[in-house]
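*Asks:* In our numbering, the protein residues as written are 8 to 169.
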């Protein structure tokens, strides 16, 4: 198993953990819908204000959500960005650039969510969150597909050379 594969597996496992926690615990406890970081159409200021109030009253689930934003998701972001850099190593500077852009966008989203949870203005947070979330989701999809394609192409070339 290559280093790239190990890093990819780590990213996938962390992602599955986050999806499981969000879908099984957080979303049902607060909104029952998509959480702000998954809402492609965004949240209205009132929806975000309601979400912040509900998660503030969710006890340990609210604390778990904050830990996810501050610790678990940054781990995923790091592993995913590293995987992208390794998968697209045919153009290392471009790969590193895109991986860093993705990491900065996703960490910005987490920071905005933590700011809103800490008492930031819901109207300002929703205005900023919508484009950041859309860019994050779009970049993640493009980088994942590009990484998969580059990895498959490289494996096919290695197998053909044998």
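Beta carbons: idealized from backbone N, C-alpha and C, even for Gly.
1. Reducing DSSP to helix, strand and coil, say where residue 66 ends up.
2. Can you give me the start and stop residues for the alpha helix (DSSP H) that residue 11 sits inside?
3. Got a sec? Which residues, its chain only, sit under 7 Å from residue 102 by beta carbon, not counting five neighbours each side?
4. So the candidates are 116, 113, 88, 114; which of them puts its Cα closest to the Cα of residue 104?
5. Can at least three beta-carbon pairs, one atom from the region 32 to 39 and one from the region 58 to 66, be found at a separation below 8 Å?
6. Name the two residues that bound the continuous alpha helix (DSSP H) containing residue 101.
7. Which residues in the same chain have their Cβ closer than 6 Å to the Cβ of residue 52, if we skip the five residues on either side of it in sequence?
8. If you check the beta carbons only, do residue 28 and residue 71 fall under 8 Å apart?
9. If you check the beta carbons only, do residue 83 and residue 153 fall under 8 Å apart?
10. Take residue 135 and list the residues in its own chain whose beta-carbon comes closer than 7 Å to its own, dropping the five residues that flank it on each side.
*Replies:* Concretely, from the data shown:
1. coil
2. 10 to 28
3. 91, 92, 95, 96
4. 88
5. yes
6. 99 to 124
7. 129, 130, 133
8. yes
9. no
10. 119
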